[in-house]
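Here the structure is laid out as structure tokens; the discussion comes afterwards.
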Amino acid sequence: EQTGKSGYEHFMLKEIHEQPTALRQCLSGRLDPLEGDVIVEELSDLDTPGAVQFVACGTSYHAALYGAMRFREVGIPAQAFLASEYATAPPPIADDELVVGVTQSGETADTLSALRTAQGRGAETLAVTNVVGSTASRECDHVMYIRSGPEIGVAATKTFSSQLVSLSLFVESVTSNTGSGRTRALVESLRDVAGDVQSVLDDSEGEIEELVDELGGSDAYFFIGRGYNAPVALEGALKFKEITYEHAEGFPAGELKHGPLALITDETPVFAVVTGDDEAARKTLGNIKEVQARGAPVVAVTDGVLEVERFADEVLRVPETDGNLGSLLANVQLQLVAYEMAASLGRPIDKPRNLAKSVTVE
Ligand code: G6P
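Below, the structure is given as structure tokens:
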């Protein structure tokens with residue numbers, strides 16, 4: 242088993258470090274920088290959908306939230322559903338609606354059940370998956386592979402990053418924006434994304450261990466972000482609780498004042514994900530001030546475009562990028578935070594108690 246870990250102490254850490262390679266594999270042959278276009282061969286027979294419903298569980302659900310947001314940004318109505326809820330209370334499906342299952346394994350029972358429900362109602366389906374020949378890949382009308390390579394650690398890491406990139410490719414490829422400014426900018430930033438992840442990995446050594454020393458033993462850990470960073474806040478908290486067994490909660494930053502603020506004290510560090518300089522970033526800055534005023538230590542995960550440093554106790558930097566890929570980079574920092582905290586507590590990182598890599602019962 243030690244050989245399989247290529248010298249890393251855990252599969253999870255190995256897989257975090259494999260992300261640049263996984264992303265290059267995911268993008269291979271799918272970008273045309275000359276034309277400023279994206280080509281996903283598997284999806285060439287897919288028409289532009291009138292609307293999109295995503296179904297997924299766990300980490301894949303967070304990727305689905307991101308995917309739905311990207312579709313809405315290009316004017317296509319899209320929503321992400323937790324697969325377990327979808328099958329219980331299925332929403333209406335329009336004639337030109339596509340139902341997309343996001344599932345690393347392609348075997349999650351809740352996701353398969355939601356996809357079957359959609360198919361039973363006549364919907365066209367797509368699986369976005371990592372596993373060739375998986376049940377989802379066989380049962381759906383279309384399949385797009387995220388090409389991460391095998392993921393052994395129960396906590397999903399590299400597959401989440403590859404899902405975000407795959408969903409970005411998916412949106413562009415079915416909306417044929419060839420050469421448009423937006424697609425060109427995305428293609429440019431996708432070309433750099435593997436290198437950007439590498440620089441996050443190279444630069445954060447030591448820094449995160451210190452942070453973990455400082456914040457360990459707190460009562461609870463909160464994660465906030467808005468817009469594309471909201472799914473990252475959810476994912477940051479999920480990863481953290483899965484492997485550290487510490488209490489962690491993530492929510493869209495605007496929800497702070499509707500309840501969670503009651504829990505904020507000087508014993509509850511808040512990780513705030515802030516990238517770019519848009520309204521979402523500026524409003525998150527307001528939320529940072531709110532929690533700081535109540536004594537919470539704030540860790541800003543940021544590209545520094547908006548000067549959040551002044552209002553944060555600690556800063557984890559990510560490179561500046563376009564196309565909402567800053568969220569992906571910020572998530573890599575949060576993976577490392579969860580990993581280092583779990584390691585400092587001596588947790589069985591690759592096999593957390595009560596959890597399975599793939600849940601094949603509903
Ligand atoms: C399990 C795993 C999670 C994963 C979820 C969905 O709960 O522990 O890490 O996100 O299943 O898995 P899928 O294979 O459908 O992406």
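Everything in the sequence shown is counted per the UniProt record's numbering, starting at 242 for the first residue and increasing by one.
Virtual Cβ for every residue (Gly too), placed ideally from N, Cα, C.
Residue range of the beta strand (DSSP E) that residue i falls in?
i: Y386; result: H383 to Y386
i: R523; result: Element bounds for R523: not the beta strand (DSSP E) but the alpha helix (DSSP H), E520 to A534.
i: E603; result: Looking at the DSSP string, E603 is not in any beta strand (DSSP E), and its letter there is neither H nor E.
i: F463; result: Y462 to G466
i: P493; result: A489 to P493
i: G342; result: E338 to T344
Specify, as a first and last residue, the run of the alpha helix (DSSP H) that residue i falls within.
i: F401; result: K399 to T416
i: V578; result: G567 to S585
i: L479; result: N470 to T485
i: T262; result: Q260 to L268
i: F312; result: G299 to E314
i: T376; result: T376 to E380
i: A324; result: A324 to T329
Identify the residues that DSSP records as bridge partners of residue i: which are they?
i: D273; result: D278
i: R558; result: T543
i: V511; result: F463 and V539
i: T370; result: T344 and Y386
i: E365; result: L339
i: V293; result: A319 and L339
Assess, as a yes-or-no matter, whether the stretch 492-500 is touched by the stretch 448-459 under the definition of 3 or more beta carbon pairs within less than 8 Å. They do not touch, by the three-pair rule.
Tell me, please, whether the stretch 303-319 touches the stretch 354-363 by the rule of three or more beta-carbon pairs shorter than 8 Å. Judged by Cβ distances under 8 Å, the stretch 303-319 makes no contact with the stretch 354-363, as fewer than three pairs qualify.
Taking 8 Å as the cut-off, does the stretch 562-570 touch the stretch 400-419 (at least 3 CB pairs, one atom from each stretch)? Yes, since at least three Cβ pairs between the stretch 400-419 and the stretch 562-570 fall closer than 8 Å, the two stretches touch.
Segment contact, 8 Å Cβ cut-off, at least three pairs: the stretch 477-489 with the stretch 432-448: A contact is defined here as three or more CB-CB pairs under 8 Å, and the stretch 477-489 fails this definition with respect to the stretch 432-448.
Taking three-plus beta-carbon pairs below 8 Å as touching, is the stretch 327-346 in contact with the stretch 366-381? Verdict: yes, contact present.
The stretch 244-255 contacting the stretch 590-603, beta-carbon criterion three pairs below 8 Å: The stretch 244-255 vs the stretch 590-603: in contact.
Can at least three beta-carbon pairs, one atom from the stretch 539-548 and one from the stretch 515-522, be found at a separation below 8 Å? Under the three-pair Cβ rule at 8 Å, the stretch 539-548 counts as touching the stretch 515-522.
Quick check: the stretch 414-428 against the stretch 274-284, are there 3 or more CB pairs under 8 Å? Result yes; three or more Cβ-Cβ pairs closer than 8 Å.
Runs of beta strand (DSSP E) lying entirely within the stretch 418-464, each at least 3 residues, in chain order: Taking only runs of at least 3 residues, no beta strand (DSSP E) segment lies wholly in the stretch 418-464.
Taking three-plus beta-carbon pairs below 8 Å as touching, is the stretch 528-535 in contact with the stretch 383-397? Touching, no, given that fewer than three Cβ pairs across the two stretches are closer than 8 Å.
Can you find at least 3 beta carbon pairs, one from the stretch 287-305 and one from the stretch 319-327, that sit closer than 8 Å? Enough Cβ pairs lie closer than 8 Å, so yes.
Between the stretch 294-303 and the stretch 462-476, do three or more beta carbon pairs fall short of 8 Å? Under the 8 Å Cβ criterion, the stretch 294-303 counts as touching the stretch 462-476, having at least three qualifying pairs.
Kindly confirm or deny that the stretch 418-425 and the stretch 385-393 touch, where touching means at least three C-beta pairs closer than 8 Å. Not touching, per the Cβ criterion.
For the stretch 457-470 and the stretch 510-518, state whether three or more C-beta atom pairs, one from each stretch, are separated by less than 8 Å. Contact between the stretch 457-470 and the stretch 510-518 is present, because at least three Cβ pairs lie under 8 Å.
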